[in-house]
Amino acid sequence: MEMVNRPYASAFEAYAVQHPEVLCLSADLTSSCEIDGFRDRHPDQFLSLGMAEQNMLSFAGGLGLAGFRPFLHSFGVFLYRRPYDQLIASIAYPRRRVRLMGFLPGVTTPGGMTHQAIEDISVMRSIPNMTVLEAGDATEVESIIAAADSVDGPVYCRILRGAVPRLFDSPLVIGKMRVLAGGSDVLIVTSGITTEEAIRARAALERAGVSVRHLHLNTLKPFDAAAILDHASAVSHGVITLENHLVTGGIGSMVAEALAEAGLARRLIRLGLQDTYAHGGSRPYLMRHYGMDALSLVRAVERLTGETTGIDETALEAVRVEAVHSALKAEAL
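Numbering (UniProt numbering), first residue to last: 1 to 333.
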């Protein structure tokens, strides 16, 4: 698996320099969001708003009114919890072309509750006029910038940083989910970092005789319920969703809503954070502790099918160990 170092940094710079109406905004997390190089090389397109997210969102709404397309960079949690009123009144309601680039989604940070965006999908998808995207690999990180900037309205993106695996060879296309496997026993629906876990699990499951249908979502709103129903209808045992988020309001809820509204009788298991905040810890530890990793997915498949696969951790591909974001920041913030 190819690992790409800081794909967002290089992709954003390449895109922004070709579009002078794109402005780069930071809320005192410039290096942590990989835009410090852009700041240094393109100061005329960079604005630092300081640790004042409410002001940054209101300011961005004004920039959008003036014809600019601001890209706001911060940890995802700081783009919706703190400035929610400004998000609604200054950006979403008037449909400003503001791009909210949210880093450290879910448990990708060991910073604990204050830094973990675990309910952002549920919040952002409930906001009228908002598009919600999530990158699952380096290719999608690189292509999410142009995709988000093509939307005539506000966009919230869950962004991966640092060393990111390249899983796909085609760019993110808004509204188009990726069909990664077309099996007939179980449908697995993933997004973001959980797709890599499902790929690890899928290989072992196939060897154990389980036929897996695997969908990767990068567009969370608008949500393609019709496609989900088509794929759910094609499997015999049911559906499992695996997400780096609370199961309430996230992908698990979206799939449940689609099944219920269509009256499609399929069992559904929702894996993710179960009505809890995540504590601090490494990403592999947190994913195992909260039942969000490949082995947890295997166990869910066994519950759904009623059959034991015999798969243990040794049967899965090696867990990728990530380097700390900065040697000077042991907390990886």
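All residues carry an ideal CB built from backbone N, CA and C; glycine is no exception.
Residue i classed as buried or exposed, judged by whether at least 16 other C-beta atoms fall within 10 angstroms
i           : result
residue 324 : Low local confidence applies: a pLDDT of 40 at residue 324 is under 50, so the model's placement there is unreliable, with the coordinate-based value given in what follows. When all chains shown are included, residue 324 counts as exposed.
residue 96  : buried
residue 41  : exposed
residue 362 : Nothing in the structure corresponds to residue 362, since the chain is present only between 1 and 333.
residue 158 : buried
residue 26  : buried
residue 20  : exposed
residue 267 : exposed
residue 70  : buried
residue 334 : Residue 334 lies beyond the residue range present for the chain, which begins at 1 and ends at 333; the question has no answer from this structure.
residue 60  : buried
residue 329 : At residue 329 the pLDDT is 43, less than 50, meaning the model places this residue with poor confidence and gives no usable figure here.
Any non-hydrogen atom of the ligand ZN within 6 Å of residue i CB
i          : result
residue 72 : This structure simply doesn't include the ligand ZN, nor any ligand for that matter.
Residue i versus the options, residue with shortest Cα-Cα distance
i           : options            : result
residue 15  : 279, 147, 59, 91   : 147
residue 32  : 315, 6, 18, 19     : 6
residue 338 : 161, 164, 165, 151 : With the chain represented from 1 up to 333, any question about residue 338 goes unanswered, as that position is not in the structure.
residue 81  : 171, 61, 100, 117  : 117
residue 289 : 303, 302, 301, 274 : 274
residue 44  : 30, 23, 34         : 23
Contacts around residue i, its chain only, beta-carbon distance under 6 Å, and the 5 residues preceding and following it disregarded
i           : result
residue 132 : 124, 125, 156, 220, 221
residue 287 : 293
residue 197 : 293, 294
residue 168 : 137, 139
residue 262 : 229
residue 83  : 53, 54, 57
residue 211 : 183, 184, 185
residue 119 : 246
residue 217 : 177, 191
residue 153 : 95, 129
residue 315 : 204
residue 319 : Any answer about residue 319 is weak, because its pLDDT of 44 lies below 50 and its placement is not dependable; what the coordinates show is given next. If we look at residue 319 and ignore the five residues flanking it on each side, its Cβ neighbours are 284.
Check whether residue i and residue j have beta carbons under 7 Å apart
i           : j           : result
residue 13  : residue 38  : yes
residue 241 : residue 189 : yes
residue 28  : residue 1   : no
residue 127 : residue 92  : yes
residue 98  : residue 8   : no
residue 269 : residue 215 : no
Nonlocal neighbours in the same chain, by C-beta distance under 7 Å from residue i, ignoring five residues either side
i           : result
residue 236 : 184, 185
residue 250 : 121, 122, 243, 272
residue 310 : 208
Own chain residues within Cβ distance below 8 Å of residue i, not counting five before or after
i           : result
residue 327 : Residue placement at residue 327 is flagged as unreliable, the pLDDT there being 41, under the threshold of 50; a coordinate-derived value is accordingly withheld.
residue 62  : 90
Using 8 Å as the threshold, is the segment 99 to 112 in touch with the segment 71 to 91, meaning 3 or more CB pairs across them? yes
Segment contact flag, the segment 200 to 210 with the segment 258 to 268, C-beta cutoff 8 Å, min 3 pairs: no
With three or more C-beta pairs closer than 8 Å as the rule, is the segment 80 to 88 touching the segment 234 to 254? no
Below 8 Å, how does it come out for the segment 173 to 190 and the segment 275 to 288: are there three or more Cβ pairs, yes or no? no
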